[in-house]
Amino acid sequence: MAARSYWLFKSEPDCYSFDDLLNEPSGRGHWDGVRNYQARNFLRDRTSIGDGVLFYHSSCPEPGVVGIAKIVSEAYPDHTQFDPNSEAYDPKSKQDDPRWWMVDIAAEEKFLKILPLARMRQMPELVSMIVLRKGNMLSVTPVTKKEWDAVIREAKSL
DNA sequence: GCCAACGTTGGC
DNA sequence: GCCAACGTTGGC
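Going by this note's numbering, 94 is the number at position 94 of the first sequence; the sequence numbering is gapless.
Here is the structure:
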């Protein structure tokens with residue numbers, strides 16, 4: 001069994017927030033709509049059940065990490081790519097050769113306070129964190145154990 | 001295979 | 001709303 005991996009998943013809260021995940025009747029949410037090949041590859045090839053997820057809110061008044069989730073499914077084809085009514089519809093994707101993949105996640109813990117992006121930028125442990133890099137647009141990025149521990153420690157100290 | 005144009009992301 | 005950075009597209 002592979003060692004546990006860590007990820008940061010980014011979402012616009014107006015679109016899908018951590019509270020939306022908490023409110024899922026089934027207790028789990030689909031991480032669908034990823035339409036970037038690099039992020040797709042992370043999801044499809046590198047995630048495992050049990051991996052940790054930092055849930056990040058972007059494009060909002062206060063961006064930052066709002067809570068922890070975990071991956072609860074293997075990667076499987078994202079059904080929204082075949083749905084003409086979905087904003088994430090991809091007419092070029094084929095049923096027998098899906099282009100886009102997703103995983104399911106479940107909320108583990110909501111921080112009492114958001115760990116703001118501005119604060120993360122001040123943390124020496126996070127200088128190499130991908131999500132903090134200028135121009136980063138990936139909605140799924142790997143996180144090191146060191147970064148994972150630092151984020152959680154800092155978030156719980158607020 | 002190059003590269004300009006365009007659309008999108010996302011912080012501020 | 002602005003703008004920088006990036007990915008994708010399509011003409012050649």
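Note that the Cβ used here is the ideal one computed from N, Cα and C, for glycine as well. Since we're looking at a predicted model, the values are computed, not measured.
- The residue from Arg-44, Asp-149 and Ala-106 with its alpha-carbon nearest to that of Asp-20 is Ala-106.
- Here the alpha carbon of His-57 sits roughly 18 Å from the alpha carbon of Arg-28.
- Of the candidates Arg-99, Phe-42, Gly-135 and Asp-45, Arg-99 places its Cα closest to the Cα of His-79.
- Of all alpha-carbon atoms in Arg-35, Leu-126, Gly-67 and Ala-150, the one lying nearest the alpha-carbon of Ser-86 is that of Arg-35.
- The criterion of a C-beta distance shorter than 8 Å is satisfied by Leu-126 and Glu-147.
- CA-to-CA, the gap between Pro-124 and Asp-96 works out to about 46 Å.
- In the displayed model, Met-120 falls within a helix according to three-state DSSP.
- With 16 or more other Cβ atoms from the protein chains shown falling within 10 Å of its own Cβ, Asp-51 counts as buried.
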